[in-house]
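One structure below.
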Amino acid sequence: MGSFDFAVITDNLPFLWSGLQLSLVLTLLAILGGIVLGTLLALMRLSGIAPLSLFAASYVNLIRSVPLILVIFWFYFLVPLAVGRPIGGFYSALIAFVMFEAAYYSEIIRAGIQSVRRGQVFAGQATGLSYWQIQRYVVLPQAFRNMIPILVTQGIILFQDTSLVFVVSLRDFMTVSSIIARTEGRLAEMYIFAALVYS
Amino acid sequence: MITIDQISKWYGDFHVLRDCTTKVEKGEVVVVCGPSGSGKSTLIKCVNGLEPVQQGQITVEGTEVTAKRTNLTKLRARIGMVFQHFELYPHMSVRDNICLGQQKVLNRSREEAIGKAEALLERVGLAEHIDKHPGALSGGQQQRVAITRALAMDPIAMLFDEPTSALDPEMINEVLDVMVELAQDGMTMMVVTHEMGFARKVADRVVFMDDGAIVEDRKTEDFFGNPKSPRAQDFLSKILNH
């Protein structure tokens, strides 16, 4: 093997960059989708309407008790069956991430919503605002403000989790690094570099 | 204008309101007082349906608050409410606090809403604070903004839930002054408070509650001059000797 040669990284920058782009795009879309869906789930859970909150609670508990890699597989094989045609690794992985992350985000957002004083809802109600107006203008802005640190943490975890998409043969950053590591015989250099990027 | 007819309410097994009956006429100021835990705040929150009741009937200007089919959102837009802990929206400027309901509920234009906010803030002496966030204001100032926010909706009546209880003593008067002025302008008001000076000055009637029940409902001078129940006599002797 000889000594370390980090030139392998600069030599393969375009390939690495393409992998990183896929990871970043997947992460960003999954965060956005996960937060939107997670907010809906959190509102359902807190709605006080039994069927809605029961559905949300079951969904969250089911997804959280299943490994992510299994969810990725589910959607890779199930979504084509449902829509009647193959949709490709990227979209099935994206759907899987959104559905999976929504469960985690909904728990974070639920805690965020509960951190907003009940009096704030009273104040909105007393002014004649509707339920959705109160959520949109009064509760959620304050909830998200309280949640920013933990949302960022969850986003980083999600970025790291995107490395699992190798199972549906997507070339994300981790897959690309690993391909280069094997073809160039520079395992140590590439995995050190990958570790630095993910941290 | 506000009629409360034999209402009862429970939290689980706890009987918070027992068969309460009273009313507030148009232009009248009614003060609700009593020891803490007697149900005053709960009673006033029932008037605009923030708290549901299990028995009895509440009507505001002919609209039955307690009926299932009533559009509470619409009704609440017409009744102003001021809370013990102000409940201004901390993430919005004073201006946006006062404009939100006007724009979203009354569909006023932004310009019209701001105009109204400026005029009302001027009246309560806070015009120069319109750009600030609530956190930058003192408690007394925040409560005056909260009153302004409620008044901006042109309410037919105002409910005050212990508006001065969370304030430092030196700030109580600036809030009470605004309320006195409002009362003298003929606003219909229902006020839960321990400020007996305020009650004496502007209240037409005093409702005294104890243990979830309305014990006395009298003209102000009768209540202070000649309280009938031992419980009210005891309450007054404690609160007035300081």
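These protein sequence lines are chains A and B, in that order. So the first sequence is numbered by the working numbering: it starts at 1 and just counts up by one. So the second sequence is numbered by the working numbering: it starts at 200 and just counts up by one. Using N, Cα and C, we set each Cβ at its ideal position, and we do this for glycine too.
Span of the beta strand (DSSP E) holding residue i?
i: Ile257 (chain B); result: 254-259
i: Met280 (chain B); result: 278-281
Going by DSSP, which residues form a beta bridge with residue i?
i: Ala412 (chain B); result: B:Asp409
i: Met389 (chain B); result: B:Val229, B:Leu358
i: Glu263 (chain B); result: B:Thr258
i: Ile206 (chain B); result: B:Cys219
i: Ile113 (chain A); result: Answer is none; Ile113 (chain A) lacks a bridge partner.
i: Ile201 (chain B); result: B:Val223, B:Val259
i: Arg417 (chain B); result: B:Val405
Using a C-beta to C-beta distance shorter than 9 Å, which residues of chain A count as neighbours of residue i?
i: Pro429 (chain B); result: Simply none; closest approach about 35 Å.
i: Arg268 (chain B); result: Going along chain A, no residue has its Cβ under 9 Å from Arg268 (chain B), so there is no contact; the nearest lies around 17 Å.
i: Arg275 (chain B); result: Gln125, Ala126, Thr127, Gly128, Leu129
i: Leu299 (chain B); result: Gly124, Thr127, Leu129, Gln133, Tyr137, Val138
Grab the span of the alpha helix (DSSP H) containing residue i for me, first residue to last.
i: Asp212 (chain B); result: Premise fails: Asp212 (chain B) is in no alpha helix (DSSP H) and is neither H nor E.
i: Ala431 (chain B); result: 429-439
i: Lys244 (chain B); result: 239-246
i: Asn61 (chain A); result: 50-64
i: Glu224 (chain B); result: Careful: Glu224 (chain B) lies outside any alpha helix (DSSP H) and carries neither H nor E.
i: Thr39 (chain A); result: 13-46
i: Arg182 (chain A); result: 173-184
i: Gly338 (chain B); result: 338-350
i: Val167 (chain A); result: Val167 (chain A) -> no alpha helix (DSSP H), and no H or E assigned at all.
i: Phe193 (chain A); result: 187-198
i: Arg294 (chain B); result: 293-303
i: Val323 (chain B); result: Segment: none, Val323 (chain B) is in no alpha helix (DSSP H) and carries neither H nor E.
i: Thr269 (chain B); result: Segment: none, Thr269 (chain B) is in no alpha helix (DSSP H) and carries neither H nor E.
i: Asp353 (chain B); result: No alpha helix (DSSP H) contains Asp353 (chain B), which DSSP labels as neither H nor E.
i: Pro67 (chain A); result: It is not in any alpha helix (DSSP H) - Pro67 (chain A) carries neither H nor E in the DSSP assignment.
i: Ile371 (chain B); result: 368-383
What does residue i touch in chain A if you count any residue whose Cβ is under 7 Å from its own?
i: His290 (chain B); result: Pro141, Gln142, Arg145
i: Met280 (chain B); result: Ala126
i: Thr419 (chain B); result: Result: empty, since nearest Cβ-Cβ is about 26 Å, beyond 7 Å.
i: Thr272 (chain B); result: Gly128, Ser130
Closer than 8 Å by beta-carbon distance: list the chain A residues that pair up with residue i, in chain order.
i: Gly261 (chain B); result: Near Gly261 (chain B) there are no residues of chain A at all, since even the closest Cβ is about 18 Å away, more than 8 Å.
i: Lys208 (chain B); result: Those within 8 Å of Lys208 (chain B) in chain A number zero; the least Cβ separation is about 16 Å.
i: Thr221 (chain B); result: Correct list: empty, because the minimum Cβ distance to chain A is about 20 Å.
i: Thr392 (chain B); result: None at all; the shortest Cβ gap to chain A is about 18 Å.
What does residue i reach in chain E if we use C-beta pairs closer than 8 Å?
i: Glu286 (chain B); result: The structure shown contains no chain E; the protein chains it does contain are A and B.
Original post:
Looking at chain B, which residues of the segment 118-147 of chain A have a Cβ within less than 7 Å of any of its Cβ atoms?
Top reply: Gly119, Gln120, Phe122, Ala123, Gln125, Ala126, Thr127, Gly128, Leu129, Ser130, Gln133, Tyr137, Val138, Pro141, Gln142, Arg145
**OP:** Pull out every residue of the segment 319-343 of chain B whose Cβ sits closer than 7 Å to any Cβ of chain A, in chain order.
**Re:** none
Original post:
Looking at chain A, which residues of the segment 303-316 of chain B have a Cβ within less than 7 Å of any of its Cβ atoms?
Top reply: Lys303, Val304
Subject >> Under 7 Å (Cβ pairs) to chain A, residues found in the segment 236-255 of chain B >> reply: Asn247, Leu249
Original post:
Using a Cβ cut-off of 7 Å, which residues of the segment 351-367 of chain B contact any Cβ in chain A, in chain order?
Top reply: Met352
**OP:** Starting from the N-terminal side, write out each stretch of the alpha helix (DSSP H) that is 4 residues or longer and does not extend beyond the segment 80-164 of chain A.
**Re:** 88-114, 118-126, 140-161
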